Amino acid sequence: MQRYVIRMFADDWKQWVPAIAVVAVMATMIGLCVHQFAWTSDSRFRAAAGASGVSVTEFQILSVTIYAVVALISWISLTVVGRASIHATHRTYALLLLLGAAPAAVFGSTILLLVIVSLCGALLGALVSALLSFWVVPAFNAMISPTARLPEYALTAWAPVVAIVASVLTTLVGGLSPAFHASRVRPGAVLRHPDGLGREPASGLRILCGAFFLIVASGLVASAGFAGPLGVTGPGPMFNLAVTAGGSALMAVHLLCPQLMSFIFWVLNGLFSRMGLVVPALGTRSAASRVGTSATTVAPLAVGLGGIGLLLCAVNSVIAFTDALQPGTRADLTDVWMIVAVVAISMLATSAAVVALSARGREREIALLQAAGMRGRHISALIAAESFAMSLAASIAAAVPIVAGGLVCALASRATLNTGGSVVVWPVSVMLWGLIASWGALYLILLVPALTPLRRGAGTQLRRQEN
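Going by UniProt numbering, the sequence shown opens with residue 1, and the numbers climb by one from there.
Structure, rendered in structure tokens:
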């Protein structure tokens, strides 16, 4: 069984490239954090910082913030990729069960495949982080304290090992539950369903928790109108309240993502159908089917866009509020843009990888559309509509935490300022760029598997599937 898994990975390694790339990206970020932590903990670094009159705490305060963000994003990305990797091969394991393989053997095979995928990405990420650390770590420390005379950076031997172990274990955590489920399902039910395991059942606990966080976010927004009695009269408390309210709404979006996506796709499909736009309506239904099979398809994208928009809205609103109280105040947003870059890269890469894994078997679908009479330009338009529907739905869902955080800033600033006005900066341009970037990335991910059947024609592709 183990040799079969290795052969399956070797014969079809191209489909695992997106998942390996995501693991490599996250392992690179984890590795850079570990290298930074190891170097700032080194006795030579501490001695040099002390001799320069700079406290090591100055280097560690910002580092801890980056560590926390990278740890959270890595956990979300790697667990989602681990789950999607198992889901992409469930039909193969159903065939093994049908042929008489023991559930324990199938479970071990799924875990072995996940170990291979995650290990390939982790090794690549550890190597890249080790090379980048010679430039990133000194540049990061120089940015924090330009006047400090620090020693030449030296690589720590155990840092790449920590990055590899953390990346592989986190990916395995995401794949354990679906791997166990894949080894216990009825093979006939899986093979009869066109999407394999079918739609994920709604979890009452998940919906209840999502509603709870939504109520908490609404309560925090309402409380912002009483900023004076609550003591939310300064930039710091306003920022904390905005992030707390937006974070609660972000958790609600993450938990209620399947229901939100279904409603958004239903509205978009109705609009396109009434306008007589057949191809966009068909693309929206295709996106709804893809997302309905696995909510993790666009959930990372929605959470990433929402988190970026919330952070920028809160930070820029606080800066504008501070400038209204004390004109001429300047702020350094280097750490904010670093966090934005980390979230944007990781969440977009995660969504792209999950969509790529869900597009396995796309060739047959494209061939059937060709056999039904659709031309190449119509299929390209269909893919564009499908990717646009997913990006638009993710952007609409991401607006929920942004609106929550923005309302807090508006209400709190109105209650504090005596002018009667409010201060809030909406990240409209950033969200539009996020929509365009995610649309382009998802379009390319879905278009690449369609190029081969479009070039070969429907007959050739369908004959290959039959063989």
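Ideal Cβ placement from N, Cα and C applies to all residues, glycine included.
These numbers come from a predicted model, not from an experiment.
How is residue i classed by DSSP in three states: helix, strand or coil?
i: Trp439; result: helix
i: Trp16; result: helix
i: Ser85; result: helix
i: Arg274; result: helix
i: Pro178; result: helix
i: Asp42; result: coil
i: Thr170; result: helix
i: Pro146; result: coil
i: Pro151; result: coil
i: Val80; result: helix
i: Val117; result: helix
i: Arg330; result: coil
i: Thr284; result: helix
i: Ser74; result: helix
i: Thr110; result: helix
i: Thr92; result: helix
i: Ser55; result: coil
i: Gly158; result: First, the amino acid is wrong: residue 158 is Trp here, not Gly. Of the three classes helix, strand and coil, the one that applies to Trp158 here is coil, per DSSP.
Sorted by chain position, which residues of the same chain lie with C-beta nearer than 6 Å to residue i's C-beta, five sequence neighbours on each side aside?
i: Ser248; result: Phe213, Val216 and Ala217
i: Ile402; result: Gly309, Leu310 and Cys313
i: Leu407; result: Val221
i: Ala252; result: Gly210, Phe213 and Leu214
i: Thr334; result: none
i: Leu256; result: Gly210
Name the two residues that bound the continuous alpha helix (DSSP H) containing residue i.
i: Asp323; result: Ala299 to Leu325
i: Arg184; result: No alpha helix (DSSP H) holds Arg184; DSSP gives it neither H nor E.
i: Ala102; result: Ala102 -> no alpha helix (DSSP H), and no H or E assigned at all.
i: Val243; result: Pro235 to Leu255
i: Ser223; result: Gly204 to Ser223
Nearest-angstrom Cα distance between residue i and residue j?
i: Thr79; j: Ala159; result: 22 Å
i: Glu466; j: Tyr153; result: Unreliable placement is indicated for Glu466, whose pLDDT of 47 sits below 50; no coordinate value is reported for it.
i: Ser289; j: Met8; result: 27 Å
i: Ala341; j: Leu98; result: 46 Å
i: Leu444; j: Met26; result: 22 Å
i: Ala102; j: Leu250; result: 41 Å
i: Val117; j: Ile20; result: 6 Å
i: Ala142; j: Ala148; result: 8 Å
i: Gly225; j: Asp323; result: 21 Å
i: Val221; j: Met238; result: 11 Å
i: Leu435; j: Leu392; result: 7 Å
i: Leu155; j: Ile339; result: 24 Å
i: Ile111; j: Ala441; result: 29 Å
i: Leu268; j: Val64; result: 42 Å
i: Leu277; j: Phe388; result: 14 Å
i: Ala415; j: Thr244; result: 19 Å
i: residue 468; j: Ala397; result: Beyond the ends of the chain as shown, which are 1 and 467, falls residue 468; an answer cannot be given.
i: residue 543; j: Gly204; result: Look at the range of the chain in this structure, 1 to 467, and you will see that residue 543 is not part of it.
i: His254; j: Leu113; result: 28 Å
i: Ala381; j: Ala281; result: 11 Å
i: Pro18; j: Val430; result: 25 Å
i: Phe272; j: Ala384; result: 14 Å
i: Gly246; j: Leu325; result: 24 Å
i: Phe45; j: Ser351; result: 39 Å
i: Val161; j: Cys409; result: 43 Å
i: Asn240; j: Val318; result: 10 Å
i: Ala320; j: Ala126; result: 40 Å
i: Leu454; j: Gln259; result: 34 Å
i: Phe107; j: Ser183; result: 5 Å
Quick one: residues in its chain with C-beta nearer than 7 Å to the C-beta of residue i, no 5 flanking neighbours on either side, listed in chain order?
i: Arg83; result: Gly174, Gly175, Pro178 and Thr296
i: Val168; result: Val115, Ser118, Leu119 and Ala122
i: Ala394; result: Val298, Leu301, Ala302, Leu305 and Ser438
i: Ala404; result: Ala217, Val221, Ala245, Gly246 and Ala249
Leaving out five residues before and five after residue i in sequence, what residues of the same chain have Cβ atoms less than 8 Å from its Cβ?
i: Phe59; result: Thr40, Ala49, Asn141, Ile144 and Ser145
i: Val54; result: Ser145, Thr147 and Ala148
i: Pro201; result: Note on Pro201: pLDDT 49, under 50, position unreliable in the model; the coordinate value appears next. Around Pro201: no qualifying Cβ.
Contiguous alpha helix (DSSP H) assignments of at least 4 residues, all confined to the UniProt domain "ABC3 transporter permease C-terminal" (338 to 452): 362 to 371 and 376 to 416
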